[in-house]
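Comments concern the structure below.
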Amino acid sequence: MKKIVVIDQRIAFIGGIDLSWGRWDTDEHRLVDLCDENITELKLPNEKGDQLEEKVQNEEAAVGVTKKMAQNSIVGNIISGEHCGGKCAQTPGCTHFAWTKYNGGTCWMKTGGASKSDAFATSDPNMVCGVIANKPENKASGTTTRYWDCCKPSCGWPGKVSGSNAHVKSCRRDGYGTWNDGNVRSGCDGGEAFSCNNHIPWAVSNQLAYGFAAATIPGLSEQQRCCACYKLDFTSGPVVGKSMIVQIVNSGSDVSANQFDLQIPGGGVGIFNGCTSQWKSPSEGWGRRYGGVSPRQECYNLPPAIRDGCFFRFDWFKGADNPNMVYSRVQCPKELVKRTGCSRND
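Take the sequence shown: its position 84, counting from 1, is numbered 1286 in the working numbering, and each next residue is one higher.
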């Protein structure tokens, strides 16, 4: 028998506070041991809550059930189902939860992480479960700058992602073909590996954009931040109220603490310049070496393959000049991972 987890994709993931019904049925994710071949005292998919209570008739059976339910549990609380998600959200280490009618109503708070991708709806009201997805981390204040140096990303070398063999893709001189070998020398060092054309930023909506960045985060080594994603909520300039989710692809030797250097074509080559080698740009890149092109019309000096990334700065980004922001770690959108080929296990 497979594991059953009830989950609400529309509501339960927002902190797990409010719940509706849904079911998760998979052996891959052992979220809660609610049903098992040898634990019929708990609940079969078609059983009602009153039948469940009748099956737990003696203390010995109750102890067995409790032990089974307690696997990977932080604690079980006798509370109502509608309060189970909120209790989990307030409990350190709780990543997902399950409520059943056992013992009058028990909230089993679980640890170990979970995913919501396999959830689907059901009308079964006898269980309430959910995932506390993306618990908000403490936000830190930071600054942004911009650059596009055409160099191979520093996270593109093997060994740059802790606990993984992953690395950011680098591209051939045309910016399209990718290198399978992560050890190809950077175009900024006389080699043939450059930034990929699809590492430009793009708008997801009027309020949200995706992109890539170099960043320095206090307390984290390069191996700990490469390929991690962060949400930047802008707090100054014309982009107040807008956000970007960026994946870190570069360490940035000249990037200060809490600074995210956004990859924006035409934003200035900065300390290194691989664009002259890759695209035959002027010796200082397009526009000023630090700051790049201005006005928008100068974006037409860039190669068509990366020109839309330059337009992004003047369109969605409203010409903002190094706005401040607050940032927090988030799960990487699949759209970013697809472009870099890099993801983290943590």
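Yeah, the Cβ is synthetic: ideal placement off N, Cα and C, and Gly gets one too.
- The alpha carbon of Asn-1460 has as its nearest neighbour, out of Gly-1470, Glu-1486, Arg-1531, Ser-1483, the alpha carbon of Arg-1531.
- Within the region 1445–1526, complete alpha helix (DSSP H) segments of at least 4 residues are found at 1477–1481, 1506–1516, given in chain order.
- Annotated as proximal: Cys-1352 and Gly-1476, with beta-carbon spacing under 8 angstroms.
- Nearest to Gly-1413 by C-alpha distance, out of Gly-1443, Leu-1464, Gly-1439, is Leu-1464.
- Rounded to the nearest angstrom, the Cβ distance from Gly-1439 to Ala-1342 is 19 angstroms, too far for a contact under 8 angstroms.
- Contact between the region 1495–1514 and the region 1402–1412 is present: 3 or more CB-CB pairs across the two stretches fall below 8 angstroms.
- At a Cβ-Cβ threshold of 8 angstroms, Cys-1501 and Val-1370 do not count as neighbours.
- One alpha carbon belongs to Gly-1295, the other to Tyr-1492, and they sit about 44 angstroms apart.
- Put simply, the backbone Cα of Thr-1346 is about 28 angstroms away from that of Asp-1376.
- In the structure shown, Gly-1344 falls within a strand segment according to DSSP collapsed to helix, strand and coil.
- With a 10 Å radius around the Cβ and a threshold of 16 neighbouring Cβ atoms, Tyr-1378 comes out exposed.
- Between Asp-1456 and Gly-1472, the CB-CB gap stays under 8 angstroms.
- Measuring C-alpha to C-alpha distances from Ile-1508 to each of Phe-1396, Trp-1359, Trp-1310, Phe-1299 identifies Phe-1396 as the nearest.
- A Cβ-Cβ distance of about 6 angstroms is found for the pair Gln-1425 and Lys-1362, placing them in contact under the 8 angstroms criterion.
- As computed with DSSP, Trp-1404 is found in a beta bridge with Tyr-1412.
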